[in-house]
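Protein chains in written order, with UniProt numbering: chain A, 1 to 1376; chain B, 1 to 139.
For every residue, glycine included, the Cβ atom is placed at its ideal position computed from N, Cα and C.
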């Protein structure tokens, strides 16, 4: 229960005061009217006595009466019987009283802290006090108690009457008639002989004062000096100019009573009772608007302060001389009666009761059934005398006596089963027990409970029950028994009166919060209940207040369902109270968190919200307010700088670049970063500048947003906003636009502005993206702050047809939402880790820079699928679409070997247009007459013409700048990757502005292609020393030839498309070697391979001519072409040579990394030998196999071309075009101690190839054995030193093979002449020895028996190794 | 048996609330929320006298016109509230106790789930099933 202004004692005391009636003559009435008051009202402010009165109780003890108040009322008669409920007029009065009493704006609120709740609410509830007061005043007088019965009657007559005494007589008769005629029940009188007090009213301005005095003297004679009074007043004339300030003591009383009067006059009017026959005038007067609160100033205008004192004196005189003695007298009387009856009554009553079985006794009520209120006593029944006495004692504050009387009365009534009376006695007994000073007995709360229960359940009198409860709860509260008070109040809430229930529930809530352990949640709950009832009672303001107070408890504590409900109600009530802003705030709360309401409920909330919101923004057009829906996932916002790309134009295919449709990929971003770094390094002479920032076209939550992004003037900025709808109903957004402010470089014009973008968007309960575009026209600092949009419920939109006529039925509201992006959480310093700190995120704060060049790249005839090694020519177009010239065009790629722009040195100058070159070969060809086994044509090319330093390539455009609007087309050759599968190939084009010193140093353009490579041919090559000496007149005598075998297999699996492969040319490229001759045993014209076929080609390679002069300066490569068809492809020119070098580079890079590992283990002595040996076997011949594939596609035959590379490193080792699967590098064990070098193991196999031997002899030799038994055949042994060092050679002819099978053949011939030679061979020297073999008979002999040992000249003998045994050299000896 | 079963976190926000007449969910939310006052009162009263030897079952918190509200508090101050129809007089205190014990066990299982984030609303199907079982028996 809330705190009240009055103390409990005061409150109870003031609720029961002696009642005094007033009867006024007409003239007297006019006198008081001058002050705009009637007589009762006139007295009201002075009704509290300031001095102490004294009274003697029946035991002659003097009893002090302190602070007594009397209540003076006009007599209003009505025939109504008392009802158990309030009549409608009274209800309305109470309603209005409560309505008019609202909490002040700045009212004192106190804060209660309970647990983690901090509640703010006003501790006092004035509306409740007002209600209580009005309620108690409007209590109808009841028969079972006498407290509010009239004790006395003031008869007031003006001194201006002709015969005042007559008037007194008339009034006296009137009073008697009212009291005793039985006509009226309404004003009830305490005692039959009511005290009449005669008042002569004298107007000082009118009439004769002496006459008045004379009349007063007469009155004194007639009524005794204590029964009459002369009241002089109106000493002041009612003059307009006189504005002496006199305090207005009526204001606080009449303010309330004016309302009350209106109602009560209406009530009396409806009762249609005319008192004195002039009541209509009074009614009209009292209802006069002049009398309403607005004209308070005129009250008591004719009264001076002296007059106030007169009135005060009068009241005092009346009370002390008239009323109190009257009461004292009556108490004595009653006491005497009781005492005299006591002995008798006790015995008599009980006896009669016993004898008559209680059935008789005081007459059982006939009128009222027992069930309701028990029996009714007649007004003068002896049982009531004690109650009367108790009431009198109570009124004069003799509570002790009152209590004992009540107590006795209670017993009597209870024994009589007079329940209503008993309840009344109980109630008053409890009250007087409480009011007893010093409290000799505890407050009997159970008396009250019984009384309430009886009133309510037995008597069905809610009014009395309520009164009782009000007292009881107030008393309990004063004793700190809040929970009992609360239970009591809850019991009194019922369906019949919303207002009462509401007020009591609110008090209950206050009880809970005031408990020693505040029950916050109960407080909140009962506040809500109270709010609900207030709402039902039409007290919207109070309802709103209750809900708001309850909200404090529920807010943000996870009780979303309840929270939503409260918010919704608050919103509704606020709206009906014309506080739309509050309504909107409350409604917004509903949507700010994910609510658990069902969809229909949410739909209702949404509609209501939109409706209210619309009404709010109707009022103020100025600022758009924040909308809670839908949620913006601000961190998911993406920003894209730059124009949206045309994807394709005709058959041109644009570079993919970056778009918002792509997902962000960390690895890809790193890759692009790497490429860009390379490009920047390339343009800065190999150094990456320190302030290098990778270009970021699309910013999202994962990119680096610490810096302000740079945007270019006149290039759009696209912001992608992610909306999420937390509701279960869908929303429709339209007219989206961005909200931004801008500070220009020159003038600082900052204004929030909106821009573009449109479109309807229906958001169901998912995430939806919206892209908004912004086009900056000036340079400066841009700041995107929010989104503006129209919001409506989508479900409505679906229902109404989309015709314009119906469109306005939709509640569409416009509002904004801020876009604030929180940066990533910092985690660097200790503070960062301990607190939650976030870094900046400048995604939405771009700096607009001056114009930059903008390039677009298109690709023509760009394939998507290639055979491995296939060469295709495509075109690329560079287009400068900006107004600024660009230069420094470069490209970097992840697969630099995939494409080439051609080398400037060898490319034909004018690029052919794509259309004209459509069916031509990508290669540069030269028609040659077919000649089989032809000798290769050769070409010397420097590697530098082709090779690029890194994966960055400069793009050769004319003049190296691209003027605005200009575009240029370049041919581009592509070669299918060597490995089958899908390859992702990334290009990064780089360009910069021709102007220097701009914020953006360069720009880049990304392009990604996917190439599907399918298998074509597999080429395997091996080489071996040719055993035949070059003898056919070639001038390079010194160098021996090498045989190169090439196995080509068609491994294409796609049988449908590719029909056959033709090997059209085989070229070699090497620094030292060249293919010389095509050995074609099958004499095929060209080599044709259908599916899964295999072909073997054989070539002879020879060393190039030594070139001393040139080879020192530049590494020159000799390209040798051996065409198998009828046209020669010049392999040293652009596509072929380019790709050759590109592939080589990659191999080199790979092998060099291998070498660096392996070279660690090779060591001193052994390395010499191995080096020598290696040199000897080194070949380093690269073979390029150029093929044509006949492909059928869409019923058209196409010819595809391609080339495959094989690098032959050493003789005897196979090399393949298919790159072997990479083996994981072996783990090298850590060595802590340098170990002893491993014993040198001679690489015998390699060493056995130092010397090449050849036997030359006639294959058939006819010898007449008949003539000569010995046949001597000259055999030439040719020794050629393959190595580049001096070699000691030992030739032993006598060497005998140990193998048995050779033994038998062997024995049949012998070498004659010198059988052992020791020779020294110079590097690459060829030496011929003539041997002679001696045969004894005809037959077939193997001549290859000489053993050749060789060793490098400087090495020890141990190194001597037998050289390879050549194939058997058979000779046929015929007998002539 | 029960018409509403609620699990309330230590910080007094709901982890789980389910009621049988779904159309009147709000009422049960209010009821459960209000009961927390009584729970707190009971805890504080018990805590003083008995120290840590506390009976988890709090018994009848308060009766309303239509329902009886029972409470149970775990040692970690998680509250279970069961609302029972007043007309259902067959329910004994012991049965309510066993319901709470069952609920507690199931709740412990939920908490043991390594993927459950303590403090999040309970979304376990098993728990749901147990609760449904207690409510379904009303018939």
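- By the criterion of at least three beta-carbon pairs nearer than 8 Å, the segment 1272-1281 of chain A is in contact with the segment 1321-1334 of chain A.
- Per the C-alpha coordinates, the member of A:1259, A:573, A:1101 and A:1251 positioned closest to residue 1319 of chain A is A:1251.
- Taking all protein chains in view, the Cβ of residue 5 of chain B is crowded by 16 or more other Cβ atoms within 10 Å, so the residue is classified as buried.
- Rounded to whole angstroms, the gap between the alpha carbons of residue 386 of chain A and residue 471 of chain A is 23 Å.
- The three-state secondary structure of residue 381 of chain A, taken from DSSP, is coil.
- In summary, no residue of the segment 99-122 of chain B has a CB separated from any CB of chain A by less than 8 Å.
- Counting along the chain, the unbroken beta strand (DSSP E) around residue 1010 of chain A starts and ends at 1003-1014.
- Note that the C-beta distance between residue 869 of chain A and residue 1203 of chain A is below 8 Å.
- In this structure the segment 109-119 of chain A does not touch the segment 208-218 of chain A; the number of beta carbon pairs closer than 8 Å is below three.
- In this structure, DSSP gives residue 643 of chain A a state outside helix and strand, which the three-state scheme calls coil.
- A direct Cα-Cα distance of roughly 12 Å separates residue 491 of chain A from residue 507 of chain A.
- With a threshold of 16 other beta carbon atoms within 10 Å, residue 319 of chain A meets it and is buried.
- In this structure, DSSP gives residue 1330 of chain A an extended state, which the three-state scheme calls strand.
- DSSP lists A:1256 and A:1330 as the bridge partner or partners of residue 1276 of chain A.
- Within the model, the alpha-carbon separation for residue 407 of chain A versus residue 150 of chain A is close to 24 Å.
- Between residue 394 of chain A and residue 16 of chain A the beta-carbon gap is near 6 Å, inside 8 Å, which marks them as a contact.
- Approximately 16 Å separates the beta-carbon atoms of residue 191 of chain A and residue 75 of chain A; this is outside 8 Å, ruling out the contact.
- Interface criterion met: the Cβ of residue 12 of chain B is under 8 Å from a Cβ in chain A.
- Runs of alpha helix (DSSP H) with 4 or more residues, each lying fully within the segment 434-485 of chain A, are found at 445-453 and 462-478, listed in chain order.
- Counting other Cβ atoms within 10 Å of its Cβ, residue 456 of chain A reaches 16 or more and is therefore classed as buried.
- Under the 8 Å criterion on CB atoms, residue 517 of chain A is classed as interfacial with respect to chain B.
- For residue 29 of chain A, no beta strand (DSSP E) run applies; the uninterrupted alpha helix (DSSP H) run containing it begins and ends at 26-33, by DSSP.
- Within the segment 7-37 of chain B, 12, 13, 14, 25, 26, 29, 30, 33, 34, 36 and 37 place their CB atoms closer than 7 Å to a CB of chain A, listed in sequence order.
- In this chain, residue 47 of chain A is not harboured by any beta strand (DSSP E), its DSSP state being neither H nor E.
- The C-beta distance from residue 528 of chain A to residue 546 of chain A rounds to 7 Å, short enough to fall under 8 Å.
- Residues of the segment 556-570 of chain A with a Cβ closer than 8 Å to any Cβ of chain B, in chain order: 557, 558, 559, 561, 562 and 565.
- In this structure, DSSP gives residue 1070 of chain A an extended state, which the three-state scheme calls strand.
- Listed by position along chain A, the residues whose Cβ is nearer than 8 Å to that of residue 44 of chain B are 517.
- Residue 1019 of chain A has a beta carbon lying at 8 Å or more from every beta carbon in chain B.
- Scanning the segment 1182-1226 of chain A for uninterrupted beta strand (DSSP E) segments of 3 residues or longer gives 1196-1210, listed from N- to C-terminal end.
- Distance from residue 659 of chain A to residue 701 of chain A at the Cβ level is roughly 17 Å; contact not present, criterion being Cβ atoms closer than 8 Å.
- Residue range 126-137 is occupied by the alpha helix (DSSP H) that includes residue 127 of chain A.
- At least one beta carbon of chain B lies nearer than 8 Å to the beta carbon of residue 525 of chain A.
- Around the beta-carbon of residue 522 of chain A, 16 or more other beta-carbon atoms lie within 10 Å, marking it buried.
- Interface residue (Cβ-Cβ distance to chain B less than 8 Å): residue 522 of chain A is classified as such.
- Residue pairing for residue 536 of chain A: DSSP places it in no beta bridge.
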